[in-house]
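J.: Before anything else, here's the structure in question.
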Amino acid sequence: MRKKNIAIYGAGAIGLDLGVHLIEAEHRVSFIARGETKSALASSGIIYESQEQQRIVEANQFFCTDDTSTLDFQDYVFLTTKSDDLLDIGKCLEPLIGRDTVVISATNG
């Protein structure tokens with residue numbers, strides 16, 4: 096299976112959970128995050144806790160940015176932000192979306 100380029104816009108609970116599983120499946124995952132979240136991911140990686148175990152995903156296993164122009168077209172773009180943020184991020188998605196890109200919304204309240 097070919098590794099997919101996957102961008103996850105929003106690094107909250109939904110985005111990070113999804114991202115960890117995609118990283119472990121060896122896809123190239125990029126998180127689009129801001130401020131403290133971006134800084135924490137870039138420096139500390141992800142500490143993922145489930146009922147079964149705790150796993151650490153090192154920061155060198157994924158890319159994190161607040162600037163979508165630093166990314167190429169993606170195979171998949173997941174929108175995992177709050178619904179209130181969708182209007183603001185719409186214009187930022189253009190650099191990520193190519194002819195074959197699939198955009199999947201997993202927004203919440």
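Counting from 96, one number per residue, gives the positions in the sequence shown under this note's numbering. The beta-carbon is built from N, C-alpha and C at its ideal position, and this holds for glycine as well.
Shorter than 7 Å from the beta carbon of GLN156 to some beta carbon of chain B?
T.: In the structure shown, chain B cannot be found, because there is only a single protein chain.
J.: From what residue to what residue does the alpha helix (DSSP H) around ASP183 run?
T.: Run containing ASP183: 181-184, per the alpha helix (DSSP H) assignment.
J.: Would you report the Cα separation of ILE192 and VAL124, rounded to the nearest angstrom?
T.: Roughly 15 Å separates the two Cα atoms.
J.: Does the contact criterion of 3 or more C-beta pairs under 8 Å hold for the segment 119-133 versus the segment 152-171?
T.: Segments in contact, yes.
J.: Taking contact to mean 3 or more Cβ pairs, one atom from each stretch, closer than 8 Å, check whether the segment 173-183 and the segment 105-116 are in contact.
T.: At 8 Å Cβ cutoff, the stretches touch.
J.: For the alpha helix (DSSP H) holding ALA102, just list the boundary residues, first then last.
T.: Premise fails: ALA102 lies in the beta strand (DSSP E), 100-104, not in any alpha helix (DSSP H).
J.: Give the single residue among THR202, ILE151, GLU147 whose Cα lies nearest to the Cα of ASP180.
T.: Per the Cα distances, THR202.
J.: Determine the closest residue to LYS133 out of ASP161, CYS187, LYS186, with distance taken between C-alpha atoms.
T.: With distances taken between Cα atoms, LYS133 lies closest to ASP161.
J.: Taking the CB atoms as reference points, tell me whether GLU121 and LYS99 lie closer together than 7 Å.
T.: Cβ distance not < 7 Å, so GLU121 and LYS99 don't count as in contact.
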